[in-house]
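Chains as they are written, first to last, in numbering that gives the first Met the number 0: chain A, 0 to 284; chain B, 0 to 279.
Every residue gets a Cβ at the ideal spot worked out from N, C-alpha and C, and that includes glycine.
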Amino acid sequence: MTFLHRHRWVAPYLLLGPGLAWLAVFFIVPLGYLGYQSLKEGTVQVGYVFNWAWGNYSDAISRYHEQLFRALEYAGIATAVALLISYPLAYWIAFRGGRWKNLLLLFIIAPFFVTYLIRTLAWQTILSDGGLVVDTLKAIGIVGDDGRLLATSTAVVAGITYNFLPFMALPLYVSIEQIDRRLIEAATDLYANRAVAFLRVTLPLSLPGVFAGTMLTFIPAAGDFINAQLLGTPNQYMIGNVIQSKFLVITDYGQAAALSFVVMAAILVLIVAYTRVLGTERLTP
Amino acid sequence: MTTSAEAIALRRPHPGAFARARRFAGTHTLTVFGVLALAYLLLPIAIVVLFSFNDPAGRFNYTWEGFTFDHWTNPFGVPGLLEAMETSLKVAGIATAAATVLGTLVALALVRYGFRGRGATNFLIFMPMTTPEIVMGASLLTLFLNLGVATGFWTIVIAHVMFDISYVVVTVKARLVGFDRHLEEAAMDLGANEWVTFQKVTLPLIAPGILAASLLAFALSIDDFVITNFNSGTTVTFPLYVWGAARVGVPPQVNVMGTIIFVAAAGLMLANVLHQRRRQ
Chain A
0 MTFLHRHRWV APYLLLGPGL AWLAVFFIVP LGYLGYQSLK EGTVQVGYVF
50 NWAWGNYSDA ISRYHEQLFR ALEYAGIATA VALLISYPLA YWIAFRGGRW
100 KNLLLLFIIA PFFVTYLIRT LAWQTILSDG GLVVDTLKAI GIVGDDGRLL
150 ATSTAVVAGI TYNFLPFMAL PLYVSIEQID RRLIEAATDL YANRAVAFLR
200 VTLPLSLPGV FAGTMLTFIP AAGDFINAQL LGTPNQYMIG NVIQSKFLVI
250 TDYGQAAALS FVVMAAILVL IVAYTRVLGT ERLTP
Chain B
0 MTTSAEAIAL RRPHPGAFAR ARRFAGTHTL TVFGVLALAY LLLPIAIVVL
50 FSFNDPAGRF NYTWEGFTFD HWTNPFGVPG LLEAMETSLK VAGIATAAAT
100 VLGTLVALAL VRYGFRGRGA TNFLIFMPMT TPEIVMGASL LTLFLNLGVA
150 TGFWTIVIAH VMFDISYVVV TVKARLVGFD RHLEEAAMDL GANEWVTFQK
200 VTLPLIAPGI LAASLLAFAL SIDDFVITNF NSGTTVTFPL YVWGAARVGV
250 PPQVNVMGTI IFVAAAGLML ANVLHQRRRQ
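Listed below in structure tokens is the structure:
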């Protein structure tokens, strides 16, 4: 008999080994290096020395708190708008989709089949000066005659909302679809009107989807720099733009690494706060 | 002129009719909203396809100037695009193969065995999916910088395998949960050894899950910009090419590539949906 038959307990570890090793070496270890780099002082020219340079953090925060808060603000607004658009959409497909459900779901994920950068560039075309949207808004007087949409914060938030909307809609669909319709019928049998039945039955039961969708939208949105770059101006730059240019253009690795950790910490704090408000405690009766 | 009977009917509608009308309006509003939301999701895709047929006057492909097939008959007529596309396909092919093997093994272990460290394993799989891409890209670059590794083709592959693994594990695992282990036991009872059982029973049963996972990994890889941007050195993938072109004016050929990728991916998904419906 083989070695494996005598030592069956090793089998799972042999299967896990290569994959987990890859993640350990190329995901966990790099995070360690990022932390190490964030406490180094120096420049590319003279080299970096590790000396617990906490100054990187204080400098980074004092210089770039504006972009940091802007990133969190844009991501927050985009997440809220995505929720407002996705909830009725997911509800419609789950409850009224019938035999077309899978096809309608395919429409939700269709944007993912177009390269991220290309679909963002398409928004550049849609929102451009003299484009259809701007002209329509001018005609009905929402935008002034010399007003524009491209290169404004509205364009950046709209781009982020669009790009991450499927991340919101899919988990919402999954949780709404799983709701037992008989519970809603029971509520109406007990004289709840449709609004009350929705607020007391459907909405609470779909909260896990709201929670998952919010996470999956907010996290990538807060670190994004593509929408601000392609649809905005430096006045709309988010913390992602700062990190990207510090790593790849200015090569200021110490502060760039520190900023990356600040972003992670900021997202983590917000998620913990959000979990407290809408977290698992309230999801289980 | 309305007759008095009609006027009464208008003033005092049947109680059931009013409720019905309200319910109909409610249904209608939701449908209208749903269709509008889908239109919003599909509008940029239509723009991408439409502008692949545009005949732009200058370098910028923003305004509609006229219809032409030129970019479709000459899709690689701009320098660098063909090379970028080839690099993207190569990276995605290698990364998908590696990530599918590594991820499937992890999924098998998670579903079929009880072992110590399961919680930690799940956490490690979950983490990359909830970390902002920019942090993953930045940390990998820091690793390569500190170890003196020059970034290029292979560092892109390493990065793509890394973010693909988690998605493969999750996809294959979802397929394995409903898996009947009695089938494997039956094979073993009939004298098959573990390897033959895996080949003849386990693998065919989980093959659809593995296929779905590899398609997802391939799609994620070919679309990735952020992490690639950090670890590419001077190598140019298709998204990196688009990024570079965005500053000087994107040629319509990029829209042609975007349309081809869209049609290929959407076609595969549609075939899958139709296949599932036929089986039901």
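From residue i to residue j, what does the alpha carbon distance come to, in whole angstroms?
i: Ile92(A); j: Asn101(A); result: 9 Å
i: Leu103(A); j: Pro165(A); result: 12 Å
i: Leu175(B); j: Ala10(A); result: 17 Å
i: Ala355(B); j: Ile205(B); result: Since the first and last residues shown for chain B are 0 and 279, residue 355(B) lies out of range.
i: Thr141(B); j: Leu182(B); result: 48 Å
i: Ala106(B); j: Lys172(B); result: 5 Å
i: Asp222(B); j: Asp188(B); result: 46 Å
i: Phe217(B); j: Val45(A); result: 41 Å
i: Tyr35(A); j: Val156(B); result: 24 Å
i: Pro238(B); j: Asn50(A); result: 38 Å
i: Phe66(B); j: Val255(B); result: 14 Å
i: Gln275(B); j: Ser127(A); result: 41 Å
i: Val32(A); j: Thr120(B); result: Val is not the amino acid found at residue 32(A); the sequence shown has Tyr there. Cα to Cα, the separation comes out at about 21 Å.
i: Tyr252(A); j: Leu206(A); result: 41 Å
i: Phe210(A); j: Ile93(B); result: 35 Å
i: Leu19(A); j: Ala158(B); result: 14 Å
i: Leu198(A); j: Arg22(B); result: 17 Å
Measure from the C-beta of residue i to each C-beta in chain A and report whether the shortest distance is under 9 Å.
i: Thr95(B); result: no
i: Gln275(B); result: yes
i: Ser165(B); result: yes
i: Ala191(B); result: no
i: Arg111(B); result: yes
i: Glu132(B); result: yes
i: Trp242(B); result: yes
i: Asp222(B); result: yes
i: Thr141(B); result: yes
i: Thr170(B); result: no
i: Ser213(B); result: no
i: Thr227(B); result: no
Please check the pair residue i and residue j, which I expect to be a contact at CB under 8 Å, by giving their CB distance rounded to whole angstroms.
i: Leu120(A); j: Leu229(A); result: 6 Å
i: Met237(A); j: Tyr73(A); result: 6 Å
i: Asp223(A); j: Ile159(A); result: 6 Å
i: Val167(B); j: Ala96(B); result: About 11 Å; that fails the 8 Å criterion.
i: Pro29(A); j: Ser138(B); result: 4 Å
Counting only the same chain and skipping the five closest in sequence on each side, list residues whose C-beta sits under 6 Å from that of residue i.
i: Pro250(B); result: Val77
i: Met128(B); result: Ser165
i: Val43(A); result: Thr250
i: Ala220(A); result: Ala74, Ala77, Ile159, Phe163
i: Ala89(A); result: Ala168, Leu171, Tyr172, Ile175
i: Pro203(A); result: none
i: Pro55(B); result: Glu64
i: Phe52(B); result: Phe66
i: Phe162(B); result: Pro127
Just checking: is the beta-carbon of residue i within a distance shorter than 9 Å of some beta-carbon in chain B?
i: Phe68(A); result: no
i: Arg180(A); result: no
i: Gln235(A); result: no
i: Gly129(A); result: yes
i: Arg98(A); result: yes
i: Arg62(A); result: no
i: Tyr252(A); result: yes
i: Thr156(A); result: The amino acid at residue 156(A) is misidentified as Thr; the sequence shows Val. Not closer than 9 Å to any Cβ of chain B, the Cβ of Val156(A) fails to qualify, so no.
i: Gln44(A); result: no
i: Phe210(A); result: no
DSSP has residue i in a bridge; who is on the other side?
i: Gln45(A); result: Note that residue 45(A) is Val in the sequence shown here, rather than Gln. Looking at the DSSP assignment, Val45(A) forms no beta bridge with any residue, so it has no partner.
i: Lys137(A); result: DSSP output for Lys137(A) lists no bridge partner at all.
i: Asn192(B); result: Answer by DSSP bridge pairing: none, since Asn192(B) is not bridged.
i: Phe66(B); result: Asn53(B)
i: Lys39(A); result: Phe49(A)
What residues in its chain sit with their C-beta under 8 Å from that of residue i, if we drop five residues either side in the sequence?
i: Ile125(A); result: Leu131, Val132
i: Arg117(B); result: Leu109
i: Phe50(B); result: Asn60, Trp63, Pro251, Asn254
So, for residue i: in the same chain, excluding its five sequence neighbours on each side, which residues have a beta-carbon less than 7 Å away from its beta-carbon?
i: Val225(B); result: Glu132, Ile133, Gly136
i: Ser87(B); result: Ile221, Thr236, Phe237
i: Thr234(B); result: Thr86, Gly151, Phe152, Ile155
i: Tyr111(A); result: The residue you asked about is not Tyr; residue 111(A) is Phe in the sequence shown. The residues are Pro165.
i: Thr196(B); result: Glu183, Ala186, Met187
i: Ile107(A); result: Pro165, Ala168, Leu169
i: Tyr86(A); result: Leu171
Given that residue i touches chain C, what residues does it touch there, using C-beta distances under 9 Å?
i: Ile260(B); result: Of the protein chains in this structure, namely A and B, none is chain C.
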